[in-house]
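The structure appears below as structure tokens.
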Amino acid sequence: MSGKAAAWVFAGLAAGVVAFHLAVIGGAPWGSLTMGGRWPGVVPGPAKGLSALSALLVAGMAVVMLARAGVLGLRMPRGAVRAVLLLSGLAVVANAVTPSAPERALWLPVTLAMLAAALVVSKA
1365 MSGKAAAWVF AGLAAGVVAF HLAVIGGAPW GSLTMGGRWP GVVPGPAKGL SALSALLVAG
1425 MAVVMLARAG VLGLRMPRGA VRAVLLLSGL AVVANAVTPS APERALWLPV TLAMLAAALV
1485 VSKA
């Protein structure tokens, strides 16, 4: 897979993650699918702030990947790609050990695919 294709895969998956977090912020009853499943149903207000932060972070990661692949005409700071790799790896670990089985079933494959795509982009 080319770096550009991998960047688009990463960005597409990231768009799904961002849409999920925006839905959680908007009141979707998906608490069992995020933050360790701590809040089944609608996530409380302060936790919605964490969803907002996650959405921004993942969107930024997608921008880094698209820029690195040459899709966007942006220059990223030194270390930005390594930061995406680190955060993607941490997301895999977090989703592998979450106490919420539904969260693990949904997000572990997504985060693994995002990490794989980020690795391809980083090597391109």
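With my numbering as the guide, the letters of the sequence shown map in order to residues 1365 to 1488. Ideal Cβ positions, reconstructed from N, Cα and C, are used throughout, including at glycine. Just so you know, these numbers come straight off a predicted model, no measurement behind them.
Contact fails between the stretch 1389 to 1406 and the stretch 1423 to 1433, because fewer than three Cβ pairs, one in each stretch, are under 8 angstroms apart. It is roughly 18 angstroms from the alpha-carbon of residue 1374 to the alpha-carbon of residue 1443. Taking a 10 Å sphere around the C-beta of residue 1479, we find 16 or more other C-beta atoms and assign the residue as buried. DSSP places residue 1367 in the uninterrupted alpha helix (DSSP H) bounded by 1367 to 1389. For residue 1399, the three-state secondary structure derived from DSSP is helix.
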